[in-house]
């Protein structure tokens, strides 16, 4: 895949989009159903030729805006979102170093793909399967991501499924970000360039 800042930034916007929805679900129990579906479908694009293939049906505006808010100089930073992003990047690093976990992940995702022939990605059966992939394969790799919010929302099984499935989508974007040359030090050293690229992308969406 062609590597450039705009390509890797697209993947980072995908990560931001997923964790933004995690925050909305955990706090308010609401999320746009079309945006949720398109975000979760990125998990099932496992052999893309370019970053655009992963996000072809996904509206990344909210992801780019979250990137700008989190990395820019404004006062819109959200401590929970920062924690989720850092946690996801740490788990992705653990995943990349464990061939057995990668193999199990590929196997489990092929099951989800088969299931998608019969159900929508936001149906309970698929959501619960994706949630269990995250819980079984990703979560045990490192420090667990503590999702905070309203107990009333977090206790609902469907919200739990959605949140874990979205964390799996965040991992998918983190994997792609790394493949496209993304590195954690860029979040400090290339922060302004990432924000500038994201603002440019927003103008064209």
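Numbering (this note's numbering), first residue to last: 1 to 205. Here a beta-carbon is modelled for each residue, glycine too, at the ideal position from N, C-alpha and C.
- In the three-state reduction of the DSSP assignment, residue 143 falls in the coil class.
- With fewer than 16 other Cβ atoms inside 10 Å of its own Cβ, residue 204 counts as exposed.
- Between residue 39 and residue 17, the CB-CB gap stays under 7 Å.
- In this structure, residue 180 lies near residue 8, with their beta-carbon atoms less than 7 Å apart.
- Non-local C-beta neighbours of residue 126 in its own chain, meaning closer than 6 Å and more than five positions away in sequence, comprise 115, 119, ordered along the chain.
- When DSSP assignments are scanned along the segment 60-129, the uninterrupted stretches of alpha helix (DSSP H) that are 4 or more residues long and fall wholly within it turn out to be 61-71, 79-96, 99-115.
- Shown here, residue 20 sits in a helix according to DSSP, grouped into three states.
- In this model, residue 19 and residue 154 are separated by some 15 Å (Cα to Cα).
- In the structure shown, the three-state DSSP call for residue 48 is coil.
- DSSP places residue 178 inside the alpha helix (DSSP H), whose first and last residues are 157-179.
- In this structure, the beta-carbon distance from residue 144 to residue 80 does not fall below 7 Å.
- The C-beta distance from residue 169 to residue 42 rounds to 6 Å, short enough to fall under 8 Å.
- Measuring C-alpha to C-alpha distances from residue 197 to each of 45, 68, 15 identifies 68 as the nearest.
- Here DSSP, grouped into helix, strand and coil, assigns residue 182 to coil.
- If you draw a straight line from the Cα of residue 49 to the Cα of residue 171, it is about 19 Å long.
- DSSP, read as helix, strand or coil, puts residue 55 in coil.
- Of the residues 156, 100, 177, the one whose Cα lies closest to the Cα of residue 30 is 156.
- With respect to residue 202, residue 64 sits close: the two C-beta atoms are nearer than 7 Å.
- Membership of residue 192 in the alpha helix (DSSP H) is indicated by the continuous run 191-203.
- Sorting 89, 51, 130 by C-alpha distance to the C-alpha of residue 10 places 51 at the top.
- Cβ-Cβ distances below 8 Å link residue 102 to 95, 96 in the same chain, with the five nearest sequence neighbours on each side left out; the list follows chain order.
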